[in-house]
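**Q** Below are the structure tokens for one structure; questions will follow.
In structure tokens form, the structure reads like this:
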């Protein structure tokens, strides 16, 4: 009988801290059943790798240049809906965890996680097992916040970062009129009377990272 070979899982690491990215890629590459592709520092480079190398899993940092990890998850899934995403970050608050999950991440880990934990998260992601819990600490505000669509959350996230309507429209390739419509719907769903109040409600609900 011929032994059945376990398929090698290709993993791509996205992190602009080169030493960390290379160390993580090396650690992953020596694990049985894994192949680490050369790491990349940003989302645009990652999308090119995803389209050409077809990794099974992408490990993505939250804090990246130009496009952050949450938006990066969305864009990568547009490029390849089958790829699994694992987010790593030094800012592991509940709001960011929910944003990552809603964007499409299968796992969310602190950068201090051991290589064993990261490898297990990658395996779980490939097997369709979520490594994120977004159901804890559910409140009425959380229920309202989670009724938002991914696009509405995206607009709210940019509002929380201090972006104005024209800037959001440009970033999301939408018209100003369309963005205003999303903002109006966000306010309605959250029962907010202003953009600042909407951001505050979303933060209390744990949907947005705490202000730093």
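Residue numbers (the numbering used here): 393 to 604.
Glycine is no exception: its CB is placed at the ideal position from the N, C-alpha and C atoms.
1) Since residue 428 is in the alpha helix (DSSP H), which residue starts that stretch and which ends it?
2) For the beta strand (DSSP E) that residue 402 lies in, which residues bound it at each end?
3) Note down the Cα distance separating residue 457 from residue 441, rounded to an integer number of angstroms.
4) Going by the CB atoms, is the gap between residue 548 and residue 578 shorter than 9 Å?
5) Excluding five sequence neighbours on each side, which residues of the same chain lie with their C-beta closer than 6 Å to the C-beta of residue 491?
6) Using the C-alpha atoms, what's the distance from residue 482 back to residue 505?
7) Applying the criterion that 16 or more other CB atoms from any shown protein chain within 10 Å of the CB defines a buried residue, is residue 500 buried or exposed?
8) Could you pull the start and end residues of the alpha helix (DSSP H) that residue 560 belongs to?
9) Which complete beta strand (DSSP E) runs does the region 477-521 hold, if anything under 3 residues is left out?
10) Since residue 468 and residue 475 should fall inside the 8 Å C-beta cutoff, what is the C-beta to C-beta distance between them, to a whole number of angstroms?
11) Can you name, in chain order, every residue of its own chain whose Cβ lies under 8 Å from the Cβ of residue 518, other than the five neighbours on each side?
12) Run through DSSP, which three-state label would residue 422 get?
**A** Let me lay it out:
1) Counting along the chain, residue 428 falls outside any alpha helix (DSSP H), though it belongs to the beta strand (DSSP E) covering 426-428.
2) For residue 402, the enclosing beta strand (DSSP E) stretches over residues 401-406.
3) 17 Å
4) yes
5) 462
6) 10 Å
7) buried
8) 557-564
9) 499-502
10) Between residue 475 and residue 468 the Cβ distance is about 6 Å, and since that is below 8 Å, they are a contact.
11) 401, 448, 449, 476
12) coil
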